[in-house]
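FYI, the working numbering numbers position 186 of the sequence shown as 190, with every residue one higher than the one before it.
Ideal Cβ positions, reconstructed from N, Cα and C, are used throughout, including at glycine.
Please read these numbers as outputs of a predicted model, since none were measured by experiment.
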Amino acid sequence: MRIETGLFKRKGQKFCELPKENTNKSRKSRRRQRKSMSSVVQNLFETCKEVFAEGGAGFVPSPGHIERLRLVLDGMKLADVGLTQDMPYVRRIETEGAPPITYLRIHECDKFSIGIFCLPPSGIIPLHNHPGMTVFSKLLLGSMHIKSYDWVADVPHNTNTNLNPSHFHPPGIQLAKVKIDSVFSAPCNTSILYPAAGGNMHCFRALTSCVVIDVLGPPYSDPEGRHCTYYRDFPYASFSGGGGLVTEEEREGYAWLEEREEPQSLDVVVAMYRGPKIAER
């Protein structure tokens, strides 16, 4: 999903701080810890620079580069980005509707972006796409339900009067195949989606407090035509026009998607990233 500071209200920005201790031993320990954390985040940044060096819309890194970046993310922990599980970003909030989500921007350039989503329990990132992007998502904390889809190519529309009427479906509705419909709990492997495969359209629903680090290559860009589009999904059986497209046994693995405006319930707070800094050499 697109995250730009001007799109969302800044409010309630609170940051997690390490407890203060006065001993020389604790200061040395913190210095070692900061150096270790910095090396992990710096390594992620340097790896992204190389993996997406030739990047652009529709660019997919080589399998070797995909694996290299995946291994870096697979090894990352919550502490590596300077966060803890009791930080205010992910505490349960008593509110009507979906609770606010916090986004921490680590880095963004025209080749790639690195950021962190912090979701309190019941937090939802609605179904949205990633046009022309390769996306890596690593769950650092919590349990989350993820559902993702890919478009089904060459689905007939009701503009062709030569088609069997059982193949008709309403304009603006497209058929998609379910790629993932599962609960993930940290620690788990990094998920990867591609411009036309791997579940390019996905939604997140936090079952507990959750933290996800996201790498997008390239990032969203309205001037370059990479807009974030949101969708509603409908069960396959919702439209009789889908009757002859898949078998009865396959229907649970398909759904109809319809474009929608950005959901009014989506409340994202853009806050300052306070973790280890990146040296942009």
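Going by beta carbons, residue 224 and residue 232 fall inside the 9 Å limit. If only complete runs of 3 or more residues are kept, the stretch 186-247 shows the beta strand (DSSP E) at 195-197, 205-210, 214-221 and 234-239, in order along the chain. DSSP places residue 130 within a strand segment (E or B) once states are collapsed to three.
Nearest to residue 229 by C-alpha distance, out of 185, 107, 137 and 275, is 137. Per DSSP, residue 81 has no beta bridge partner at all.
Straight-line measurement puts the Cα of residue 132 at about 15 Å from the Cα of residue 185. Going by C-alpha positions, residue 134 is about 11 Å away from residue 201. With contacts defined by Cβ atoms closer than 9 Å, residue 192 and residue 123 do not form a contacting pair. Its chain contains 178, 180, 235 and 237 as the residues whose beta carbon lies nearer than 6 Å to that of residue 261, once the 5 sequence neighbours on both sides are disregarded; these appear in chain order. Residue environment for residue 74: buried (at least 16 other C-beta atoms within 10 angstroms of its C-beta). Secondary structure note for residue 122: its beta strand (DSSP E) is the uninterrupted segment 117-123.
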